[in-house]
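Heads up: the sequence shown begins at 2 in our numbering, then just goes up one per residue. Backbone N, C-alpha and C define an ideal beta-carbon position, used for all residues, glycine too. Take a look at the structure set out below.
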Amino acid sequence: MQQETVLVPGARDVEATLDSPDGNASACVVLCPPHPQHRGHRGDDRLVAVAEFLVERGVAALRFDYGDWDEGLGEREDARNAVRWASERYERVGLFGFSFGGSITALAAASVDVELCAVSLLAPTAELEAGLNAADALADVAAPLQVVYATRDTTADWEPVVEAARELDCEVVELDADHFFVGKTDRVAEAVGPFLARSC
Numbered sequence: 002m003q004q005e006t007v008l009v010p011g012a013r014d015v016e017a018t019l020d021s022p023d024g025n026a027s028a029c030v031v032l033c034p035p036h037p038q039h040r041g042h043r044g045d046d047r048l049v050a051v052a053e054f055l056v057e058r059g060v061a062a063l064r065f066d067y068g069d070w071d072e073g074l075g076e077r078e079d080a081r082n083a084v085r086w087a088s089e090r091y092e093r094v095g096l097f098g099f100s101f102g103g104s105i106t107a108l109a110a111a112s113v114d115v116e117l118c119a120v121s122l123l124a125p126t127a128e129l130e131a132g133l134n135a136a137d138a139l140a141d142v143a144a145p146l147q148v149v150y151a152t153r154d155t156t157a158d159w160e161p162v163v164e165a166a167r168e169l170d171c172e173v174v175e176l177d178a179d180h181f182f183v184g185k186t187d188r189v190a191e192a193v194g195p196f197l198a199r200s201c
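Structure (structure tokens):
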């Protein structure tokens with residue numbers, strides 16, 4: 002696996018790590034980290050586990066850090082800019098995020114001007130500080146969509162997102178875990194990775 006640091010173009014200061022397979026990849030998945038005010042960053046264990054799964058299967062992974070805190074609005078734009086950056090270099094682009102990043106993934110996927118190959122949300126919360134609603138955004142996501150949630154998650158308000166996903170007949174995966182999937186990052190990669198790799 003090759004790694005390089007990338008500066009994502011845009012009005013905000015966004016740095017990313019690009020994990021690439023040895024050889025050319027035609028697809029890239031952008032990974033959105035959890036809440037930056039709760040120590041969320043691109044080195045998050047769940048993001049790294051998914052990225053490693055993808056790279057082993059020939060798919061590149063772009064893990065980024067958000068710019069300055071902006072209640073979800075700027076973070077959504079960070080994700081869209083990361084998708085745009087990837088779309089200029091790869092034939093197919095997917096989007097994944099955990100927790101706050103799952104919500105950002107839904108919001109970015111619903112509004113970005115790039116056709117996505119797949120979208121996966123891990124333990125997303127329904128609403129962000131700026132009044133952005135991830136559950137409502139799902140209806141505007143055109144790509145194949147997956148929502149993975151933890152049965153013992155008492156941290157995120159995930160129920161409205163899972164309900165919306167089921168109404169839209171999207172793939173919903175239940176894992177026996179808490180919000181942070183402690184000791185279960187391999188299970189996360191096994192749930193999310195095949196969906197993204199297959200779709201992209």
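Give the range of the alpha helix (DSSP H) segment to which S200 is assigned.
T186 to S200
Considering only C-alpha positions, which residue in the set P22, D20, G11 and H36 is nearest to H180?
H36
Within the continuous alpha helix (DSSP H) that includes R93, where are the two ends?
No alpha helix (DSSP H) contains R93, which is instead part of the beta strand (DSSP E) from R93 to F99.
Using only the heavy atoms of the ligand ADP, determine whether one of them is closer than 6 Å to the beta carbon of S27.
In terms of ligand content, the structure shown is empty, and the ligand ADP therefore cannot be addressed.
DSSP state of T106, grouped into three classes?
helix
Can you confirm whether the region 141-152 touches the region 106-119 when touching is taken to mean that 3 or more C-beta pairs between the two stretches lie within less than 8 Å?
yes
DSSP-derived helix/strand/coil call for N82
helix
Report the residue from R43, D177 and G95 whose alpha carbon sits nearest the alpha carbon of V113.
G95
Hey, out of L176, V15, T186 and A135, whose CA is closest to A205's CA?
The question about residue 205 has no answer, for the chain in this structure spans 2 to 201.
Along the chain, where does the beta strand (DSSP E) containing E130 start, and where does it finish?
Careful: E130 lies outside any beta strand (DSSP E) and carries neither H nor E.
Pop quiz: G194 and F54 are said to be a contact at Cβ under 8 Å. What is the actual Cβ separation, rounded to whole angstroms?
3 Å
Could you check if A107 is buried or exposed, using at least 16 other CB atoms within 10 Å of its CB as the buried criterion?
buried
So P34 and D45 are supposed to be a Cβ contact under 8 Å. How far apart are they, rounded?
Rounded, the Cβ-Cβ distance is 5 Å, consistent with contact.
Where do the ends of the beta strand (DSSP E) carrying L19 lie?
V15 to S21
Inspect the beta-carbon positions of A124 and G103 and report whether they are closer than 7 Å.
yes
R90 versus E175, W70, V30 and T155, residue with shortest Cα-Cα distance:
V30
How is the beta strand (DSSP E) around E172 delimited, first residue to last?
Start and end: E172 to L176.
With 16 other Cβ atoms within 10 Å as the buried cut-off, status of S27:
exposed
DSSP-derived helix/strand/coil call for A62
strand
Drop a sphere of 10 angstroms on the beta-carbon of R40, count the other beta-carbons inside from all chains shown, and report buried for 16 or more, exposed for fewer.
exposed
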